[in-house]
Amino acid sequence: MNVDSLSYAKYPFLRDAAEHVKDHGIALDELLTHRAFQGARARGKARVIDALMHGIIQIRPMANEEDCLEEILSYPMARMYVSGVDDRFLTRRYALAEGVAMRERLEREDLDMVEEVAYQLDVAASQEGNLLRIHFTDYLRYTSRMRSKEWKLVNTEVKRGYVFLSQAKFARVLQQALQDRLESELPLPLNDDILNALGDDVRELKDSATVMRNQYKAEDFGTVSVENFPPCMKHFIGMAQAGENMPHSARFSLTAFLHHIGLSAEEILALFATSPDFDVSKTKYQVDHITGEISGTEYTPPECTTMKSYGICFEPDSLCNHPNGYVKHPLSYYRIKNRPLRRTSKGAPSPKSSKPAAPR
């Protein structure tokens, strides 16, 4: 397929985009230091800031070939900035932002271009009417971490070993393919000359990433005792602090749990700020909905049996598994742990102890 400069600017990760740059004879030291490429360097830094702050890289209007070239060059600059910072949280968030940006553009492309992008991401695909098909092994490779039931293979159209997808769903699969590629490629090995050229910009980006990653710590729950959280909630908090993507059911459960033990919506929102797919407005809406600010209903986390069915019951301890079945709900676990208890001979909480205090 004959791809033009505008397409390279929209999808600068394409192998052919790199060849397009080579055709212009631009050397690396020129890109890093020459005044002619100051705009490309600034745009590369902006890509990283977009990823860090907004979770998506915005494409700017491009009126001519020079604008397109600058946008293409901003991509290797962004990769070098991310590599210079060398922070796992930033790397994951940058990979996600590039992936989301690509997905949104592919949803509006003609299918020939979608197929071309797939080919250059090493995802074999072909068109079937208005659908795209990929082999089920490729489908499973890129959807294994998508927790929604709609992505399970049994809920898709499969014929002769191929999965048939709408353009939007296929674009989501390619998003994961790009994310995986970027996370595996970054950080790049940078020599001292490159690091010196990136200089203050890398230090600034490193500070910004550190501030965002460290906005919230588990020990900063005020008077709420994290040690008394059930294992599942501790696991979710660990995922959030490590910058890992959490399944929707885990986010819902953690948000409802923290709300019912007394954390404010702002404190809950701050916890999710370290997630690589964090979007302030979207996350605030979800938190406000779960806590009743929007819906009028204060949701509680699911019962333990429901969480097991969702696959989000992690590392149950002796209290969770006690044969007398004291704990059937995450809030019950927290209430039991937060009150003075008389112990049975086996060390379990006595069923005759006082009623649990109201959740904080």
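Heads up: the sequence shown is residues -12 to 347, going by the working numbering. Ideal Cβ positions, reconstructed from N, Cα and C, are used throughout, including at glycine.
Nearest C-alpha to Phe76 among Phe259, His235, Ala155, Glu290: Phe259.
Judged by DSSP secondary structure, Ser113 falls outside any alpha helix (DSSP H) and instead within the beta strand (DSSP E) spanning 113 to 115.
The alpha-carbon of Ser296 is positioned some 15 Å away from that of Pro317. Between Ala84 and Gly42, the C-beta gap is smaller than 8 Å, which places the two residues in contact.
DSSP lists Gln114, Leu152 as the beta-bridge partner residues of Leu119. Separation of the CB atoms of Tyr129 and Val160 is rounded to 5 Å, and the pair is thereby assigned contact status at 8 Å. Collapsing the DSSP output to three states places Glu231 in coil.
As a beta-bridge residue in DSSP terms, Lys146 pairs with Tyr149.
The alpha-carbon separation between Ala112 and Thr124 amounts to approximately 12 Å. Counted as a single uninterrupted DSSP element, the alpha helix (DSSP H) harbouring His41 occupies residues 25 to 41. Taken through DSSP and simplified to helix, strand or coil, Thr270 comes out as helix. Taking C-alpha positions only, Lys139 is separated from Val150 by approximately 11 Å. Shown here, Cys300 sits in coil according to DSSP, grouped into three states, outside any helix or strand. By the CB criterion at 8 Å, Leu119 and Leu98 fall inside the cutoff. Residue range 75 to 93 is occupied by the alpha helix (DSSP H) that includes Arg79. Ile277 is classed as buried because its beta carbon has at least 16 other beta carbons within 10 Å across all chains shown. The shortest CA-to-CA distance from Gly86 to any of Lys(-3), Met67, Val145, Ala14 is the one to Lys(-3).
The three-state reading of DSSP puts Ile255 in helix, counting H, G and I together. Sequence-distant Cβ neighbours of Ala164 in its own chain, meaning closer than 6 Å and more than five residues away, are Leu108, Val110, Tyr129. Taking the C-beta atoms as reference points, Asp266 is found no nearer than 8 Å to Ala252. Spatial neighbours of Lys324 in its own chain (CB-CB distance under 7 Å, excluding positions within 5 residues in sequence) are listed in chain order as Asn215. In chain order, Leu39, Val72, Asp74, Phe76, Leu77 place their CB closer than 7 Å to the CB of Ala196, counting only its own chain and leaving out the 5 sequence neighbours on each side. A distance below 8 Å separates the beta carbons of Ser61 and Arg34.
Contact check for Val198 against Tyr68 fails: the beta carbons are separated by 8 Å or more. Taking Met220 as the centre and dropping the five residues before and after it, the same chain places the C-beta of Leu241, Phe244, Pro317 closer than 7 Å to its C-beta, in chain order. Residue nearest to Lys271 within the set Glu103, Ala237, Leu256 is Leu256 (criterion: CA-CA distance). Taking the Cα positions, Pro288 is about 15 Å away from Phe301. CA-to-CA, the gap between Met49 and Ala27 works out to about 13 Å. Buried is the label assigned to Leu169, since at least 16 other Cβ atoms lie within 10 Å of its Cβ. In this structure Val104 touches Leu1 by the C-beta definition: roughly 7 Å separates them, less than 8 Å. In the three-state reduction of the DSSP assignment, Cys219 falls in the helix class, which pools H, G and I. If you draw a 10 Å sphere on the C-beta of Pro310, you find fewer than 16 other C-beta atoms in it, and that means exposed.
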